[in-house]
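Peer 1:
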Amino acid sequence: MLHLQSATDKRWLAQVDAQLDQILIDHAHCEKKAAGTAMNLIFHY
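When the letters of the sequence shown are read in order and numbered with this note's numbering, they come out as residues 163 to 207.
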């Protein structure tokens, strides 16, 4: 289903499934920070 390249412990998937909302919020924060950095680079150069 996930097409991971190596074997993954089932406990990992259970933890991800139990905390998916927190993981997605963290990922969105990282994407927002990356976008801000990209904009700064655009205006700087």
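Where is the CB? At the ideal position from N, CA and C, for every residue including glycine.
Do you know how far the Cα of A190 is from the Cα of Q181?
Peer 2: In the sequence shown, residue 181 corresponds to position 19, counting from 1. In the sequence shown, residue 190 corresponds to position 28, counting from 1. About 14 Å.
Peer 1: Just the Cα atoms here: how many angstroms apart are I204 and A197?
Peer 2: Here the question's residue 204 lines up with position 42 in the sequence shown. Here the question's residue 197 lines up with position 35 in the sequence shown. Roughly 11 Å separates the two Cα atoms.
Peer 1: Which residue marks the beginning of the alpha helix (DSSP H) containing D171, and which one marks its end?
Peer 2: Residue numbering aside, residue 171 sits at position 9 when the sequence shown is read from its first letter. No alpha helix (DSSP H) holds D171; DSSP gives it neither H nor E.
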